[in-house]
Amino acid sequence: MSDERNHVPNEKDDYQNYLKESMNGINDFHPYTEEGQKKIVNLGKNMARKTNIMVSLAILLLIVPIMTLATYMYYGIGGRADHLIDVVTKTIYVTEPNMSLEKLKVEDDIGLFSMNIKFDVLKKIGKEDYKIGNYDIDFLLDQPSFPKKNLLLDRPLAENPSKETEVMVHPKVSIPFSTTDGWDILKKLPDGTVSEVYISLNHLMKPDDLKESMPKNMELRWFAVDTGMEVTQEDKEGVPITPLGYPAQYDHTTWSPFKTNGESNEEVFLDILSLLEKNESVAEKVARAKSLSMSSRLAYIKEHGIKVYGAVITGPTEEIRKLQDMKEIRALKVGEVKLWNWE
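Just so we're aligned: 470 in the numbering used here is position 190 of the sequence shown, and the numbers increase by one with no gaps anywhere.
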């Protein structure tokens with residue numbers, strides 16, 4: 281019995297043997313060098329960086345189409361893009377004397393939360409419409425930037441209007457330029473040319489009365505309308521205003537708002553002013569002057585009716601000279617001149 285007890289395994293000895301073997305195994309293990317450890321860490325960082333890049337690209341590939349679709353929906357739903365283009369083009373007609381454009385040829389390009397529109401502008405000098413430049417306007421959602429303009433004119437109007445740069449002046453305002461220079465230029469221009477001129481009247485007139493008083497063989501192109509602010513030529517904050525007016529003739533082109541459609545040009549003019557009143561922030565960016573004061577000016581016109589203090593006229597230069605005999609005209613400024621095209 282005693283021998284059998286002596287051969288019973290001692291658990292303590294087994295544990296000691298196991299511990300010794302484990303320690304020997306640890307001593308035999310060769311750990312990574314410091315350089316090897318750095319390589320492992322760098323490898324982990326690179327893998328994490330690549331993973332982040334791939335995840336980011338995947339997110340962008342999902343977000344960009346969604347954002348692009350949202351932009352198209354923003355401009356498309358409710359015709360917002362067409363509405364903004366309408367405001368821009370109609371602003372040109374009522375703030376830029378004798379200037380028009382082909383609305384059907386307006387180019388628009390929708391980007392990410394943005395839209396760009398480009399269009400050519402025209403002037404009628406004599407019997408022909410001449411391309412005189414182009415506009416390039418960027419929109420961020422519905423807010424436009426200031427237009428980038430490229431105008432090819434011999435006598436462009438001031439980009440930032442002021443009292444000293446006006447070419448059509450209210451009867452109660454002193455003429456800011458020499459009253460003889462315009463007539464002298466006309467006398468020196470050769471016959472066989474056609475001219476564009478800006479006239480200022482001695483008194484306010486109704487549009488039809490001015491038409492009836494005009495000599496024959498020339499064309500009234502644009503009326504400058506009295507809006508109650510032309511005497512001060514600035515708004516309540518002292519910011520210069522731009523003239524407001526409208527084409528004197530029906531436009532037979534399909535793109536013009538002043539085409540024959542059952543409404544008079546005066547009615548179309550008032551409709552456009554109402555549109556611009558509701559979209560004044562857009563219109564003020566497009567117009568040369570950065571204040572339109574549309575509400576007060578529209579209210580004044582509705583109360584007092586449409587009367588004009590100036591106009592744009594075109595025709596053969598030898599005929600335009602006859603305007604000097606009109607007692608209604610106090611001053612004239614020459615605009616663009618072209619070779620003969622009246623026939």
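Glycine is no exception: its CB is placed at the ideal position from the N, C-alpha and C atoms.
Considering only the beta carbon of each residue, do residue i and residue j sit closer than 9 Å?
| i | j | result |
| --- | --- | --- |
| L402 | I417 | no |
| P523 | G590 | yes |
| F503 | V386 | no |
| D422 | V566 | no |
| V548 | Y526 | yes |
| V614 | I465 | yes |
| R610 | P436 | no |
| P495 | L603 | yes |
| S380 | T594 | no |
| E546 | I586 | yes |
| I390 | Y352 | yes |
| E623 | M498 | no |
| E608 | L490 | yes |
| D409 | V617 | no |
| V367 | V453 | no |
| L420 | T507 | no |
| T597 | P424 | no |
| Q513 | K582 | no |
Determine which residues share a DSSP beta bridge with residue i and list them.
| i | result |
| --- | --- |
| D422 | Paired residue(s): none; D422 is not in a bridge. |
| F503 | Y526 and A591 |
| P409 | Per the sequence shown, the amino acid found at residue 409 is Asp instead of Pro. DSSP lists K404 as partners of D409. |
| V617 | S475 |
| I609 | L481 |
| I600 | The partner list for I600 (beta bridge, DSSP) is empty, contrary to what the question assumes. |
| D416 | K398 and K428 |
| L381 | V401 |
When you compare each of the options to residue i by their alpha carbons, which one comes out closest?
| i | options | result |
| --- | --- | --- |
| E382 | I581, W535 and K443 | W535 |
| P456 | E446, V477 and G462 | E446 |
| E476 | K325, L612 and N332 | L612 |
| A361 | F393, L481 and I479 | F393 |
| Y415 | D409, I365, K404 and L421 | I365 |
| W620 | N326, T473 and D464 | T473 |
| D515 | P441, Y354 and N332 | P441 |
| V505 | F399, M448, D605 and E564 | M448 |
| P377 | P596, I521 and R501 | R501 |
| K558 | L432, N545 and L572 | L572 |
| A569 | I552, V519 and V617 | V519 |
| H363 | Q513, L555 and L432 | L555 |
| A438 | M485, D471, Y354 and I521 | I521 |
| I552 | G508, Y373 and S493 | Y373 |
| M509 | P424, P470, M574 and K618 | M574 |
| T375 | M606, N332, V592 and K539 | V592 |
Quick one: grab the DSSP three-state call for residue i.
| i | result |
| --- | --- |
| V288 | Note that V288 scores 48 on pLDDT, short of 50, meaning its location in the model is unreliable and no value can be drawn from it. |
| M334 | helix |
| A328 | helix |
| T459 | coil |
| G391 | strand |
| D434 | coil |
| I586 | coil |
| H450 | coil |
| M281 | Reliability of the predicted coordinates at M281 is poor, the pLDDT of 46 falling under 50, and no value is obtained from them. |
| S493 | helix |
| K468 | helix |
| K428 | strand |
| K398 | strand |
| N440 | coil |
| N297 | helix |
Are there any heavy atoms of the ligand HEM lying less than 8 Å away from the beta-carbon of residue i, as far as the coordinates show?
| i | result |
| --- | --- |
| Y352 | Absent from the structure shown: the ligand HEM. Ligands present: none. |
Inset, instruction - Would you mind listing the alpha helix (DSSP H) stretches within the segment 505-584 that are 4+ residues and don't spill past its ends, in chain order? - result: 545-558, 560-566 and 574-584
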